[in-house]
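**Student:** Residue numbers (our numbering), protein chains in the order written: chain H, 1 to 412; chain G, 1 to 412.
Let me give you the structure first, and then I'll get to my questions.
There are 2 protein chains.
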Amino acid sequence: MPTLSVFMDVPAAHKPEGSLLKTYKQDDSPNKMFLAYKVCMTDDGHPWVSLVVRKIRLQIAQDPSLNYEYLPMMGMKSFIQASLELLFGKHNQAIVENRVGGVHTVGDSGAFQLGAQFLRTWHRNAKIVCIISSQRELHGLVFQDLGFTVYEYFIWDPTQLCIDSNMFLNVVEQVPRGCILVIGNIIDCKLTQSQLAKLMSTIKSKQIFPFFDIPCQGFFTGDLEEDAGILQYFVSGGFEFFCSQSLTKNFGIYDEGVGILVVVALDNQHLLCVLSQLTQNARAMWLNPPSMGARIITSILCNSALQGEWKQSLKGMVENIMLIKEKVKERLRLLGTPGSWDHITEQTGSHGYLGLNYQQVEYIIKKKHIYIPKNSRINFTCINASNIDYITQSINEAVLYARDSETASENK
Amino acid sequence: MPTLSVFMDVPAAHKPEGSLLKTYKQDDSPNKMFLAYKVCMTDDGHPWVSLVVRKIRLQIAQDPSLNYEYLPMMGMKSFIQASLELLFGKHNQAIVENRVGGVHTVGDSGAFQLGAQFLRTWHRNAKIVCIISSQRELHGLVFQDLGFTVYEYFIWDPTQLCIDSNMFLNVVEQVPRGCILVIGNIIDCKLTQSQLAKLMSTIKSKQIFPFFDIPCQGFFTGDLEEDAGILQYFVSGGFEFFCSQSLTKNFGIYDEGVGILVVVALDNQHLLCVLSQLTQNARAMWLNPPSMGARIITSILCNSALQGEWKQSLKGMVENIMLIKEKVKERLRLLGTPGSWDHITEQTGSHGYLGLNYQQVEYIIKKKHIYIPKNSRINFTCINASNIDYITQSINEAVLYARDSETASENK
C-alpha cells in the first residue's frame, strides 16, 4: 500500500497578486511594457536608489569597528529614535514627553502584523477594521487572517476623477463605533482645517482607534514634514494611535524591508507596557529584526550632511515624477485625446490613477500590450523618454476606441 | 475629566529571558564575567565571524551590478537551493526527485512561526507539540502562543552527567500518537543503527510529524554532513517532515537572522502546495524576507573556493572549542577538583553542561561573579587564556564548598 501524504489535503494557495506581472512576462510582443511595478523607477528603467545609500553601503562594509551581533528584540535603538524624529520632528510634544516609541519591524507588513496581533489581544472590543486608502492595501489580509472583519473604502472617485475629501469624511461618519481605522495615504485629500477638526472630533467621540500608514514619507509632496503632517494633528489632539512607518521606498532599500510600528500613548508608563508586549510578539515572529537596512538609514539620518543629500535626492525624485506626469498630460492634449487629464497632475506620488474605465484598460492591455491594473492606477515612473510616445498614443487610441464602440452600440 | 488611555489594561510583559544578563550588567565587581552568550566568541572576546564573510560583505557593497529590489515572497531562490544542498547534499534522493523545498525566513524563529502556523491550519489533529532537546528552546513559546499544548523533554541526564540515547527513545515511546515532534540538537545522543531504526519505526507507526531543528550545522562535529546526518535517514525512510535551518551562527551573521523552513514531501505536487501556503503566511508576516544575509551566504556557497574557506573556518572554530574544553578539564584535574569532568569534552558544540548543581551554580554567581545559567549550561567559547584560571579555580571552590557544606549538614 503506498504511503498517504500528510499533506494530501493541502491545496495550492490562491495568488491574488502578481497575475498581471505573470501575464506580462508570458506576452511575446516586442512592444510589451509593465506599468505596475511597486517601486520607483529611474529614467533608464531601474529601481530608484538614493545615491547616498550606495555610498553608505560601501562605508559600512569597510568599517572594521562594526560588530554584527544580534540586535535587541525591539530592534536597533538609534534607528528607532532617528526614524521617530523624522516622522514627528525632534521637538514634537510627544517625543519630548517620552510617550512615543516604536518597535523595529521587518517592513510594513511586519508592522501591521505586530499591531494587529496586539490589538486582537488588548483591544478586544474592536473586531472591525476599516481601511481608508486610495487603493487596495495588502494589510487588509493581515487583519482578516487574524479574525478581524475588514471593510475597505477607496477615496478615489472614478466618475469625478478626483480624491474627494467629503467622501473621506462621510466614510468616517459611517464606520462603526470603536472600530480600528487604518488611514492610508490621504495626502491628496487636502483636508481643510475645519474638515480636519471634524475628522478628529468624530474619531474621538466614536472611540475609534487610528492606525496610520506612512509608506513612503517624502515621496508625495517632496516635503518630509508635510507628508506626515496628519500625525502632528493627532498628537496635538491628545490621541493614542499606532502608525506603520516604512523606510523601504524613500531610501530605495527594497531588499531589506525596514519598518517600524510606531506607538503614541498618553504617557510614558502606558507606552512602555505596550512596547514590552509588542516586543514579546516580535520575538515569536523573528526574534531579532535584520540590521542592514536600519544601519544604512541610521547612518544617513544621524549625519546632517548625509541627511541633506538624501533629502535632495528625494526632492529630485518627486520633481521627476511631476515632470513625467506633466509630459503625459501635455502629449494627450497635443493628441487631442477627449476628456480632461488634469487629474494626472493633481495626484501626488509615483502611483496615480490614469482615470480609464475597464473597457479602455482592457484595450490597452490586449491591443497595445501595456500592462496596467484594472483600476488604471499606474506607476508613472515606469514612463520615460523611450516609451512615452507609445504609451500616450495607446491611451489616446483606447479612449477613442471606447468612444467609438459606445457610439456604435448607441446607433444599433 | 482626564482622558482614559486605550492601553490602560495593558500590563508590562513578563521577560523570561535576559534577566541573568541584566544582573550581570548591574554587578559592579571587576571580576564579573558572563558565560551564557548565545554566539560563539573569539579568543579576544568578540562574536565569531567567519573571515570570508567580512570579505564578501565588502565585495557585495562594491558590486555595481547588484540590484536591491524586493526579493520574491518565498525568498531568494539561489539561497534556498544552496542551503538545501548544504543540508541534504547535492545528490540527495529528495532533491533529485524535486520533493524538497524551502521558504526563506527571518531566522529560526521565523521558520518555526511559519511551520507552526501551517501545521495549525493543515494538520489539525496534531494539537500537541513535544520538543526534545538538550536545553529549553524558545520555539516552545511560538507553538504555545498559537494554541498548541507543548511538552518539553531534556535529554541531558544531570545525575549521570551525560546525554542518554535511551532516555531519548523512551520519550519518543511516550509521546502521544499523531503529535508534532520537534527534534533539536541530538548529535550527542550517538544513536546506534538499531536505535535509529527503532526511532523511525516508532515515529512512523505513531504517525508523529517530525520537525527538525538544525540551528548551526557544522558547529558540532566540524563536519557539515555529520551534523545533519539524521535528516538523511528520514529522507531515505520516506518521511515527510519540516526542518528549521538557521545559517546565522555558522556564518557569524548574527545581525541578519537568516533561516529557511525546509519542507520534505512525498512528491513534487504536494511540495508545491505546501510551499504556496507557506508563502501566503510569509506575506502576512514580512512580505519579502531581508536579503543581506542570504546574499552573503549564497555568494559563499556558490563558489567552491569561498565555500572551502568557510568550511575551514568552521573547522578551526570547532577545534578551538574542543581545545578550550580540554584545557578546562585539565585545569580541574590539576586542581584536584573532586568528580569526573569527562562530560565536558564528551559534549559537542560551543555550549555544554558544566554539570554543576544549583548550590554550586549559586556559589559561582554570588561569590565569584561568574554568571552562568541555573542548569550550568555555558558557552565554552566565553572562556579564554585571560579568564580560564579564575573560572576553573571558581568551579573548584564551588565544588569543594558544596561538599563541605553537605558534610557539615550531615554532621549536624
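Every residue gets a Cβ at the ideal spot worked out from N, C-alpha and C, and that includes glycine.
Because the structure is a prediction, the values reported are computed rather than measured.
1) Using 10 angstroms around the beta-carbon of H:Gly238, count the other beta-carbons present and answer buried if the total reaches 16, otherwise exposed.
2) Roughly how many whole angstroms lie between the Cα atoms of H:Gln312 and H:Asp223?
3) Within its chain, find whatever has a CB closer than 6 Å to the CB of H:Ser133; leave out the 5 residues flanking it on each side and keep chain order.
4) Output, in chain order, the set of chain G residues within a Cβ distance shorter than 7 Å of H:Ile253.
5) Could you compute how far the alpha carbon of H:Met1 sits from the alpha carbon of G:Lys90?
6) From the DSSP secondary-structure annotation, give me the bridge partner or partners of H:Gly352.
7) Starting from H:Glu173, trace the alpha helix (DSSP H) both ways and give me its first and last residue.
8) Return the chain-ordered list of same chain residues with a C-beta closer than 6 Å to the C-beta of G:Ser50, the five sequence neighbours on each side being excluded.
9) Report yes or no: is there a C-beta of chain G within less than 7 Å of the C-beta of H:Glu152?
10) DSSP three-state label for G:Trp122, please.
11) Run the CB neighbour count on G:Val361, radius 10 Å, all protein chains shown included, and call it buried at 16 or more, exposed below.
12) Output, in sequence order along the chain, the residues in the region 123-143 of chain H whose CB is closer than 8 Å to any CB in chain G.
13) Please report the residue range of the beta strand (DSSP E) in which G:Cys243 lies.
14) Starting from G:Leu87 and walking both ways along the alpha helix (DSSP H), at which residues does that stretch end?
15) Taking just the CA atoms, how far does H:His14 sit from H:Lys22?
16) Cα-Cα, which of G:Asp404, G:Ala61, G:Val399 is closest to G:Gly339?
17) Would you check if the region 366-381 of chain G and the region 28-40 of chain G touch, i.e. whether three or more CB-CB distances between them fall below 8 Å?
18) Distance, Cα to Cα, H:Glu397 vs H:Cys302?
19) Is it the case that the Cβ atoms of G:Val142 and H:Ala116 are separated by a distance below 7 Å?
20) Is the Cβ of G:Asp43 closer than 7 Å to any Cβ of chain H?
21) When you compare only the Cα positions, how much space is there between H:Lys190 and H:Trp156?
22) Of all the CB atoms in chain H, is at least one closer than 7 Å to the CB of G:Val399?
23) Which residues in the same chain have their Cβ closer than 7 Å to the Cβ of G:Phe168, if we skip the five residues on either side of it in sequence?
24) Verify the CB distance criterion: does G:Cys273 have a CB-CB separation below 7 Å to chain H?
25) For H:Val10, which residues from the same chain have a beta carbon less than 8 Å from its beta carbon, with the 5 sequence-adjacent residues on both sides left out?
26) Please report how far the alpha carbon of G:Cys179 lies from the alpha carbon of G:Met41, in whole angstroms.
27) Is there a C-beta anywhere in chain G that falls below 7 Å from the one on H:Ser109?
28) Taking 7 Å as the CB-CB cut-off, is G:Asn320 touching chain H?
29) Is the shortest distance between the beta-carbon of G:Asp63 and the beta-carbons of chain H less than 7 Å?
30) Taking just the CA atoms, how far does H:Ala305 sit from H:Leu334?
31) Secondary structure at H:Ser133, three-state DSSP: helix, strand or coil?
32) Counting only the same chain and skipping the five closest in sequence on each side, list residues whose C-beta sits under 6 Å from that of G:Gln393.
33) Which residues in chain H sit within 8 Å of G:Lys38, going by Cβ to Cβ distance?
34) Determine the extent of the beta strand (DSSP E) in which H:Tyr151 is found, giving its start and end residues.
35) Give me the Cβ distance between H:Cys216 and H:Ser246, rounded to the nearest whole Å; I'm assuming they're in contact under 8 Å.
**Tutor:** Taking the coordinates as given:
1) exposed
2) 10 Å
3) Gly184
4) Tyr68
5) Any answer about H:Met1 is weak, because its pLDDT of 47 lies below 50 and its placement is not dependable; what the coordinates show is given next. Spanning the two alpha carbons is a distance of roughly 30 Å.
6) H:Ile378
7) 165-174
8) Phe251, Gly252, Trp310, Ser313
9) no
10) helix
11) buried
12) His123, Leu138, Leu141, Val142
13) 241-246
14) 77-88
15) 14 Å
16) G:Val399
17) yes
18) 51 Å
19) no
20) no
21) 13 Å
22) no
23) Ile132, Ile155, Ile186, Cys189
24) yes
25) none
26) 37 Å
27) yes
28) no
29) no
30) 43 Å
31) strand
32) none
33) Tyr70
34) 149-154
35) 7 Å
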